Amino acid sequence: MILALSGGTGGAKMLDGLAQATGQENLTAVVNTGDDGDFYGLRVCPDLDICSYTLAGVVDDRGWGYADDTFRCLDGLATYGRPAWFGLGDRDLATHLHRTMRLAEGAALHEVTAEICSRLGVTARLLPMCNEDIRTEITTDEGLLTFQEYLIRDGARADITGIRFAGLQTSRPVPGALDAIAAAETIVIAPSSPVVSIGSILGVPGVRDAVAARRDRCIAVSPIIAGRPVEGPAHKFLAGAGYDDCSARQMAEIYADVAATFVLDTRDADEAPAIAELGVSPVTRDVLMPDRASRARLAGEVLDVLA
Ligand code: FO1
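Each position in the sequence shown, counted from 1, maps to that position plus 55 in my numbering.
Take a look at the structure:
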């Protein structure tokens, strides 16, 4: 079994590639829930939904939300003066309604996630990083913001002065997650934000130690090419967490205790010696995944490194 640690858009592309390379039945993913939020009383889990929709083949081309969705409900909420900056489509809302109702019935998030995946025809195993509610709080000069307020409502405009994962310290990995990490043939850290996506997964008590125990079988894929994030404002989150350097080498250093191998982009090949000096084996590949074929190609190459 191949196990991946994944955030949203970049992570989901990696999961799609791994699923193509190894088969969904052979894939388990531990997925970030630090981006989760509550909208109109509904629990929204963007990264879980991006991953499940992607593996189900129903994600929209923009990389989030349900394909070809309509936004009639959101338009109606705006009519009544409700904030409508978070693009929750009508079909997507069914997922959040269903999840919220199941949670209110007493189901745990990992159970609801398994049910949603099953109904969508996803045969990979998607595990939320924990069942507790985690809320990423972003402190900026403009005040304290939720993750989605910072990223979507405000377009990641302000510089970040602090990042806090409320609830993380007292959370626990979901049942089966640590066993899956221990049993995985290979662990792939997807090219998601090392601070807010992978950082929160590794911050669930017990997870970082469990992955570190498998360091020789763990390979991380760089989310940074030529000093810039491939997806999203990872550089803002890095700076907010105190990392001045937005480089492949910095990523390898952040993961040095958990991943003995690091895949950097060919455009960053000159950073390979500095990565080797960290005690991490650098592997140089094209890490861009513009289409499904390139996802499968990269995933195959990543798995081949530790075959
Ligand atoms: N991303 C956007 O850029 N704009 C949106 O309005 C938006 C809405 C949205 C709704 C549901 C969902 O599951 C994801 C959504 N995303 C949207 C993506 C999301 O904000 C982020 O990309 C992830 O949280 C980061 O992985």
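Backbone N, C-alpha and C define an ideal beta-carbon position, used for all residues, glycine too. Nothing here was measured: the structure is a model prediction, and the numbers come from that model.
Compute the Euclidean distance between the alpha carbons of Ala-139 and Leu-132, then round it to the nearest angstrom. Roughly 7 angstroms separates the two Cα atoms.
Cβ-heavy atom distance between Gly-63 and ligand 1 below 7 angstroms? Yes, ligand 1 has a heavy atom inside 7 angstroms of this Cβ.
Measure the Cβ-Cβ separation of Gly-62 and Asn-87 and say whether it is below 8 angstroms. Contact: yes.
Less than 8 angstroms separating the beta-carbons of Leu-358 and Thr-241? Result yes, Cβ atoms of Leu-358 and Thr-241 sit closer than 8 angstroms.
Would you kindly work out how many angstroms separate the C-alpha atoms of Ala-84 and Asp-196, rounded to a whole number? Those two C-alpha atoms are separated by around 35 angstroms.
I want to check one thing, is the minimum distance from the CB of Asp-147 to the heavy atoms of ligand 1 below 7 angstroms? At a threshold of 7 angstroms, Asp-147 counts as near ligand 1, since its beta carbon sits closer than that to one of the ligand's heavy atoms.
With a 10 Å radius around its C-beta and 16 neighbouring C-beta atoms as the bar for buried, classify Tyr-108 as buried or exposed. When all chains shown are included, Tyr-108 counts as buried.
Beta carbon of Gln-224: closer than 7 angstroms to some heavy atom of ligand 1? The answer is no for Gln-224.
Which residues does DSSP pair with Leu-199 in a beta bridge? Among the bridge pairs identified by DSSP, Leu-199 is matched with Thr-194.
Where do the N-terminal and C-terminal ends of the alpha helix (DSSP H) with Val-357 fall, by residue? Per DSSP, Val-357 belongs to the alpha helix (DSSP H) from 347-360.
Sequence-distant residues of its chain with Cβ nearer than 6 angstroms to Ala-122 (five each side left out): The answer, listed in chain order, is Val-113 and Asp-115.
Under the assumption that Phe-126 contacts Gln-203 (Cβ atoms under 8 angstroms), give the Cβ distance between them as a whole number of angstroms. In this structure Phe-126 does not touch Gln-203 by the C-beta definition: roughly 16 angstroms separates them, more than the 8 angstroms allowed.
Every unbroken alpha helix (DSSP H) within the stretch 115-198, with a cutoff of 4 residues, ordered by chain: Annotation: the stretch 115-198 contains the following complete segments of the alpha helix (DSSP H) (minimum length 4 residues), in chain order: 127-134, 145-159 and 164-175.
Contact under 8 angstroms by Cβ, Phe-292 with Ser-226: No.
Residue closest to Leu-103, alpha-carbon to alpha-carbon, out of Asp-124, Glu-80, Leu-70 and Tyr-95: Minimum Cα distance to Leu-103 is reached at Leu-70.
8 angstroms Cβ shell around Arg-270 - same chain, five flanking residues per side excluded: Cβ within range, chain order: Asp-312, Val-313, Ala-314 and Ala-315.
Within 7 angstroms: the Cβ of Phe-292 and any heavy atom of ligand 1? Checking every heavy atom of ligand 1 against the Cβ of Phe-292, none is found closer than 7 angstroms.
Would you call Asp-323 buried or exposed, if buried means 16 or more other Cβ atoms sit within 10 Å of its Cβ? Asp-323 should be labelled buried.
Are the stretch 220-236 and the stretch 286-304 touching by the rule of at least three beta carbon pairs closer than 8 angstroms? For the pair of segments examined, the stretch 220-236 was found not to touch the stretch 286-304: the number of CB pairs separated by less than 8 angstroms stays below three.
Closest to Leu-175 by C-alpha separation, out of Ala-163, Ala-149, Gly-198 and Leu-361, would be which residue? Nearest to Leu-175 by alpha-carbon distance, out of Ala-163, Ala-149, Gly-198 and Leu-361, is Ala-149.
Let me confirm a value: Val-266 is counted as buried when at least 16 other C-beta atoms fall within 10 Å, else exposed. Which label applies? Per the 10 Å Cβ criterion, buried.
Using the Cβ count rule (16 or more neighbours within 10 Å means buried), how would you classify Gly-66? By the neighbour-count rule (16 or more Cβ atoms within 10 Å), Gly-66 is buried.
Which of helix, strand or coil DSSP assigns to Pro-101: Correct three-state label for Pro-101: helix.
Three-state secondary structure assigned by DSSP to Leu-233: The three-state reading of DSSP puts Leu-233 in helix, counting H, G and I together.
Less than 7 angstroms separating the Cβ of Ile-105 from some heavy atom of ligand 1? Yes, ligand 1 has a heavy atom inside 7 angstroms of this Cβ.
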